[in-house]
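Student: Structure incoming, see below.
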Amino acid sequence: MKASPIRLSRFLQNPDTQFIIPIYQRNYDWSEDNCRQLWDDIYEVGKISQEESKVHFIGSIVYVCNDEYTTSEIEQFVVIDGQQRITTITLLLIAIYHYAQKIGEFRLAETIYEYYLINKNASDNNYKIKLKATDNNDKDLQALLEGSTISEDHYSNIKNNYNFFKNQLTKDNINTIYDGFRKLLFVEIRLERGKDNAQRIFESLNSTGLDLSQADLIRNYILMGLEPLEQKRLYNRYWSVIETNTKLNGISYVSDFIRDFLTIKKGEIPNKNTVYANFKKQYQLDKIDSIEPILVELLKLSHIYRRLISPAEECDADIRRELKYINYIEVNVTYPFLLQVINDYDNGIISKSDLVEILQFIQTYICRRFVLDLPTNVLNKVFMNLHRQINVDDYKASLYYYILSRSGKIRMPSDSEIRNVFADKDMYNAKSRMKLYILEKLEHFENRETVNIIDNTGITIEHIFPQKPDPRWATEITAKDYIKFEDKYLHTIGNLTLSGNNNALGNKTFSEKKVMNKDNREQGYIYSSLWLNRFLKDIDRWTVENYKKRTELLINRFIRIWYLP
146 MKASPIRLSR
156 FLQNPDTQFI
166 IPIYQRNYDW
176 SEDNCRQLWD
186 DIYEVGKISQ
196 EESKVHFIGS
206 IVYVCNDEYT
216 TSEIEQFVVI
226 DGQQRITTIT
236 LLLIAIYHYA
246 QKIGEFRLAE
256 TIYEYYLINK
266 NASDNNYKIK
276 LKATDNNDKD
286 LQALLEGSTI
296 SEDHYSNIKN
306 NYNFFKNQLT
316 KDNINTIYDG
326 FRKLLFVEIR
336 LERGKDNAQR
346 IFESLNSTGL
356 DLSQADLIRN
366 YILMGLEPLE
376 QKRLYNRYWS
386 VIETNTKLNG
396 ISYVSDFIRD
406 FLTIKKGEIP
416 NKNTVYANFK
426 KQYQLDKIDS
436 IEPILVELLK
446 LSHIYRRLIS
456 PAEECDADIR
466 RELKYINYIE
476 VNVTYPFLLQ
486 VINDYDNGII
496 SKSDLVEILQ
506 FIQTYICRRF
516 VLDLPTNVLN
526 KVFMNLHRQI
536 NVDDYKASLY
546 YYILSRSGKI
556 RMPSDSEIRN
566 VFADKDMYNA
576 KSRMKLYILE
586 KLEHFENRET
596 VNIIDNTGIT
606 IEHIFPQKPD
616 PRWATEITAK
626 DYIKFEDKYL
636 HTIGNLTLSG
646 NNNALGNKTF
656 SEKKVMNKDN
666 REQGYIYSSL
676 WLNRFLKDID
686 RWTVENYKKR
696 TELLINRFIR
706 IWYLP
């Protein structure tokens, strides 16, 4: 290893050299804020006279010398740390090059183009550009250099950051920025393949750029030590698919997925900040024979993980419905267990009906505990080793027995506990997702005409006895009932229903709410198609007696839905 400080301009203008960003590196992720900070630093140092010899330090660039990347005419180096900085500087130089051409500063444009952006003596276009980025970034980088247009429909940090620099440049500051670039100093760390431990050096560097995620570190650990062709094959066949499967709405959950994978393997849950360290400890990857089997397993489980984080992609409607509920109530702590159970289903160990019942049983466990306000922080230990408790020859029964025989804080609440607590639980102020989940399941149970509630903004929770009742309520019910509703029953399940006309019903009396038909829009309970309003159609007053009857009806329905095997 050779480490030495050097001016970036001198480093880039070395003739017949090309810097490769390997396929396993993370995407180019610098934001406009990062670029703005770099621009400000360059501008400030550029304003200082040459006589003061001031420089600006921008960190380090680590690269590996590798004969496989070297041709007879071009010497190529693999950048293992510093790709964000070197890519951003290249974008700045392309912007200066184009602007210099635009304002007629052709000598400056030619200097930048031939010294810092291309290898002018390269006969092969593949070696022409000095910085060769990963596939998508490389296409955008080449397009910019050639002056081609990048589609507006295509999101690209390369394009966005180039545009930022282009819009900052003026006739008054272009020379200042160029002078500032020539004063940039960094530490060049040159490694020899086969002699230096690139991964260990990579880990120890205190980068001034973006922090690497646990997934970034694991990806580099898996692929960095391999030959280029093997890197590309394993990345395209396995890792790229794993990353796609574990990304949702632009957010990567690779680290969370591998954390669940390690939980399965180790029987203990790694801290979120130590996933990489635990992975490295668990798997000593020194050759391809030890790497590929792990990637095969990770790939298989990533397809299942995809169905957990995006249930819409599950093909079977019955399984998809249960996965949707589990996803909605956000019990990610169940994922290590569910990854294994769904894997058993995929391998034919359990049937579809078995899987659906197990998914429903998990919801029963979570939902009943929610009603009793039992602590959720103990569940990680339950689901961490739950699959180990299953007897494959008696799959469901062994699972049920293990959960139902637990006691204390990890117990499954009994029917009597539910009856004692559910009636008086403040459901209105409970966790929003669990509240809507329970109401939707109560509504849908044995109901052929189901209405989407969870994703339906047109249906909201309605207090039968309002939070701010109209004074006329006092003439419809006794003073004793009025006080009980106001002080004890207001937010409980028996006093809550669902309505698409909550604003219209408001704080009106029950007799008004029941038959309301303002402007022939049928707002009243008697017009509702919801099961939750069926009881309200058959009564004339909302008394404590009727409240208790409806509460008992709902509790019985709850126990039938979230039943104990």
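The opening residue of the sequence shown carries number 146 in our numbering; numbering runs sequentially from there.
Backbone N, C-alpha and C define an ideal beta-carbon position, used for all residues, glycine too.
Note that the structure is a prediction, hence the values are computed from the model and not measured.
#1: Please work out which residues of its chain come closer than 6 angstroms, Cβ to Cβ, to Ala245, disregarding the five sequence neighbours upstream and downstream, and give them in chain order.
#2: What span of residues does the alpha helix (DSSP H) with Val287 cover, start to end?
#3: With DSSP run on the structure shown, which of helix, strand or coil describes Pro713?
#4: Name, in chain order, the residues that DSSP records as bridge partners for Cys210.
#5: Using C-beta distances below 6 angstroms, list every residue in its chain close to Asn646, excluding the 5 sequence neighbours before and after it, in chain order.
#6: Please identify the residue among Asn312, Leu290, Val209 whose C-alpha is closest to the C-alpha of Glu177.
#7: Label Glu585 either buried or exposed according to how many other C-beta atoms from any shown protein chain fall within 10 Å of its C-beta, with 16 as the threshold for buried.
#8: Going by DSSP, what residues sit across from Ile263 in a beta bridge?
#9: Hey, could you find the ends of the alpha helix (DSSP H) Glu562 is sitting in?
#10: Quick check: the Cα distance between Thr162 and Ser205, rounded to an integer number of angstroms?
#11: Would you list the one or two residues that DSSP bridges to Ile396?
#12: Leaving out the 5 sequence neighbours to the left and right, which residues in its chain are closer than 7 angstroms to Asn525 when beta-carbon positions are compared?
#13: Give me, in chain order, the residues of the same chain whose beta-carbon lies closer than 8 angstroms to that of Ser674; leave out the 5 immediate sequence neighbours on both sides.
#14: For the beta strand (DSSP E) that contains Glu607, what are its first and last residues?
#15: For a quick check, are the C-beta atoms of Trp184 and Asn306 less than 8 angstroms apart?
#16: Can you tell me whether Cys460 is buried or exposed, with buried defined as 16 or more other CB within 10 angstroms of its CB?
#17: Based on the DSSP secondary-structure assignment, which residues constitute the bridge partners of Arg152?
#18: Determine the direct distance from the alpha carbon of Asp626 to that of Ile555, and round the result to whole angstroms.
#19: So, helix, strand or coil for Glu388, using DSSP?
#20: Quick one: residues in its chain with C-beta nearer than 7 angstroms to the C-beta of Tyr130, no 5 flanking neighbours on either side, listed in chain order?
#21: Can you check the segment 513-595 for any alpha helix (DSSP H) of at least 4 residues that lies completely inside it and give the ranges in chain order?
#22: Taking its Cβ as the centre, do 16 or more other Cβ atoms sit within 10 Å of Thr353, making it buried, or is it exposed?
#23: Around the C-beta of Glu458, are 16 or more other C-beta atoms found within 10 angstroms, so that it is buried, or is it exposed?
#24: Out of Ser543, Asn640, Gln221, which one is the CA nearest neighbour of Met572?
#25: When the Cα atoms are used, what is the spatial distance from Arg155 to Tyr323?
#26: Would you kindly report the start and end of the unbroken alpha helix (DSSP H) that includes Thr696?
#27: Going straight from the alpha carbon of Lys411 to that of Met529, what length do you get?
#28: Along the alpha helix (DSSP H) that carries Leu650, what are the first and last residues, could you check?
#29: Taking all protein chains shown into account, decide if Cys582 is buried (16 or more other Cβ within 10 angstroms of its Cβ) or exposed.
Tutor: By the coordinates alone:
#1: Leu253, Ala254
#2: With the sequence shown as reference, residue 287 is identified as Gln, and Val is not the correct amino acid for it. Segment 280-291, the alpha helix (DSSP H) holding Gln287.
#3: In the structure as shown, the chain begins at 146 and stops at 710. Residue 713 is therefore absent and cannot be evaluated.
#4: Phe222, Glu337
#5: Gln668
#6: Measuring from the Cα of Glu177, the nearest candidate turns out to be Asn312.
#7: buried
#8: Ile274
#9: Counting along the chain, the alpha helix (DSSP H) containing Glu562 begins and ends at 560-567.
#10: 18 angstroms
#11: Leu393
#12: Ile414, Val478
#13: Glu594, Val596
#14: 605-608
#15: no
#16: exposed
#17: Leu330
#18: In this structure, the CA atom of Ile555 is about 38 angstroms from the CA atom of Asp626.
#19: Here DSSP, grouped into helix, strand and coil, assigns Glu388 to helix.
#20: Missing from the structure shown is residue 130; the chain here goes from 146 to 710 and no further.
#21: 524-529, 540-549, 560-567, 577-589
#22: Low confidence applies to Thr353: its pLDDT is 41, below 50, so where it sits in the model is not reliable, and the reading given next is rough at best. That one is exposed.
#23: exposed
#24: Asn640
#25: 13 angstroms
#26: Thr696 -> alpha helix (DSSP H) spans 689-706.
#27: Whole-angstrom Cα-Cα distance: 9 angstroms.
#28: 647-650
#29: Note on residue identity: the sequence assigns Tyr, not Cys, to residue 582. Tyr582 is buried by the Cβ-count criterion.
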